[in-house]
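> In my numbering, the protein residues as written are 23 to 260.
Positions of the beta carbon are idealized from the N, C-alpha and C atoms, including for glycine.
Everything numeric in this text was worked out from a predicted model, so none of it was measured.
If you want it as structure tokens, here you go:
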């Protein structure tokens with residue numbers, strides 16, 4: 023029994039929605055993530071996932087090979103409905119499948135078989151930088167016709183607010199914060215995703231393409247977010 027005056031601190035657990043049609047995977051991964059400190063809810067199909075998804079879900083783990091509604095369709099639908107971080111967890115490991123999954127709106131892509139500890143690290147990394155860093159509070163960036171206010175989470179293009187996912191927003195702010203200096207792929211992966219991707223830059227390159235579609239006048243001829251071949255990316259100066 024707690025002593026009088028003793029304060030008990032209850033830490034709310036991160037809520038994960040696991041979408042996979044394999045009952046064994048749902049059970050094993052659910053138990054492993056529970057051991058890592060997550061509260062796991064499960065869905066066996068895309069239709070069920072869309073039904074049970076609520077605002078209090080912190081991250082979605084999504085298999086692509088689902089019965090009924092295809093996992094990519096589920097991903098696009100989730101992304102259209104919500105800003106919730108999405109990690110695709112799939113046995114499909116071909117480069118085309120990974121790029122297609124990221125283009126559908128996923129924030130990360132993990133291939134099976136997987137280690138629960140690694141997956142937990144990726145979940146924590148995605149959620150770690152939800153809030154703006156101290157140095158971002160009160161800042162405002164203007165790049166061409168685009169205005170970004172980091173601590174408000176607002177992006178406007180020609181005065182009209184546009185929507186970026188959390189990951190796209192963090193990526194854009196990291197580039198803007200560099201003030202036109204080149205930011206290497208390795209630094210962007212570490213700062214935005216908070217994880218060592220061992221040289222796999224597809225994740226970053228797809229997100230840059232998605233970002234350009236939203237902020238550039240002509241994404242095929244970018245003038246704001248520029249590629250520095252063989253090194254990384256930068257934003258245009260003034």
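#1: Between residue 76 and the rest of its own chain, which residues show a CB-CB distance below 7 Å, the 5 nearest in sequence each way excluded?
#2: What is the DSSP secondary structure of residue 233, reduced to helix, strand or coil?
#3: Would you please state the rounded distance, in angstroms, between the beta carbons of residue 81 and residue 136? I believe it to be under 8 Å.
#4: With DSSP as the reference, identify every bridge partner of residue 163, one or two as the case may be.
#5: Note down, one range per segment and in chain order, each beta strand (DSSP E) of at least 3 residues found wholly within the region 35-117.
#6: Looking only at its chain, what residues have a beta carbon closer than 7 Å to the beta carbon of residue 51, apart from the 5 residues adjacent to it on each side?
#7: Quick check on residue 189: buried or exposed, where buried means 16 or more other Cβ atoms within 10 Å of its Cβ?
#8: Between residue 257 and residue 238, what straight-line distance do the alpha-carbon atoms span, to the nearest angstrom?
#9: I'd like the list of long-range same chain contacts for residue 268, defined as Cβ closer than 6 Å, with 5 residues on each side in sequence excluded.
#10: According to DSSP, which residues form a beta bridge with residue 178?
#11: From the DSSP output, in three-state form, read off residue 130 for me.
#12: Excluding the 5 residues flanking residue 55 on each side, which residues of the same chain have their C-beta closer than 7 Å to its C-beta?
#13: How would you call residue 187, buried or exposed, if buried means at least 16 neighbouring beta carbons within 10 angstroms?
#14: Tell me whether residue 53 is buried or exposed, calling it buried when 16 or more other Cβ atoms sit within 10 Å of its Cβ.
#15: Are there 16 or more other CB atoms within 10 angstroms of the CB of residue 4, so buried, or fewer, so exposed?
Quick look at the numbers:
#1: None.
#2: When DSSP states are grouped into helix, strand and coil, residue 233 belongs to the helix group.
#3: At roughly 15 Å, the Cβ-Cβ gap does not stay under 8 Å, so residue 81 and residue 136 are not in contact.
#4: DSSP output for residue 163 lists 170 as bridge partner(s).
#5: As for any beta strand (DSSP E) of minimum length 3 sitting wholly inside the region 35-117, the runs are 37-41, 61-65, 81-84, 108-112, ordered along the chain.
#6: These residues qualify, in order along the chain: 40, 138.
#7: Label assigned to residue 189: buried.
#8: In this structure, the straight-line span from the alpha carbon of residue 257 to that of residue 238 is close to 11 Å.
#9: For residue 268 there is no data in the structure shown, the boundaries of the chain being 23 and 260.
#10: The partner list for residue 178 (beta bridge, DSSP) reads 169, 183.
#11: Strand, per DSSP.
#12: The residues are 38, 62, 138, 142.
#13: When all chains shown are included, residue 187 counts as buried.
#14: With fewer than 16 Cβ atoms within 10 Å of its Cβ, residue 53 is classed as exposed.
#15: Summary: the structure shown does not reach residue 4, with the chain confined to residues 23 through 260, and so no result is reported for it.
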